[in-house]
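Engineer: This is the structure, below, for whatever I ask next.
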Amino acid sequence: MRETQFLKLVTDEFGQQYGQWIVRSHVLSRWGQTAAELMEGEGTDLRDIWWHLCADFDVPAERQLGVDD
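Printed below as a string of structure tokens:
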């Protein structure tokens, strides 16, 4: 997954401001780090970060693949 696709999924689900806050501030339960910290490092697939954000915020399955364009 590309970073632009990841950020679009976050924005579509949570909105611009709240989505940015989540990426910068929410500590993902699996890694004990924020999405932003994981994105700066190497080796963590953005898709995995997205799925764990969905789990942490109880995003319904029908919305986890994003908005249909």
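Convert by adding 306 to the 1-based position in the sequence shown; the result is the number in our numbering.
Every residue gets a Cβ at the ideal spot worked out from N, C-alpha and C, and that includes glycine.
1) Residues in its own chain within less than 8 Å of Gly321 by CB, not counting five upstream and five downstream?
2) Suppose you measure from the CA of Ser331 to the CA of Leu371; what does that come to, to the nearest Å?
3) Provide the residue span of the alpha helix (DSSP H) that contains Gln311, from first to last.
4) So is Val333 buried or exposed if we call it buried at 16+ other beta carbons inside 10 Å?
5) Please identify the residue among Glu319, Thr310, Gln311, Arg336 whose C-alpha is closest to the C-alpha of Glu368.
Structural biologist: Once the coordinates are examined:
1) No residues qualify anywhere along the chain.
2) Rounded to whole angstroms, the gap between the alpha carbons of Ser331 and Leu371 is 23 Å.
3) Taken as a continuous stretch (DSSP letters only), the alpha helix (DSSP H) holding Gln311 covers 309-320.
4) Counting the other Cβ atoms within 10 Å of the Cβ of Val333 gives fewer than 16, which makes it exposed.
5) Of the residues Glu319, Thr310, Gln311, Arg336, the one whose Cα lies closest to the Cα of Glu368 is Glu319.
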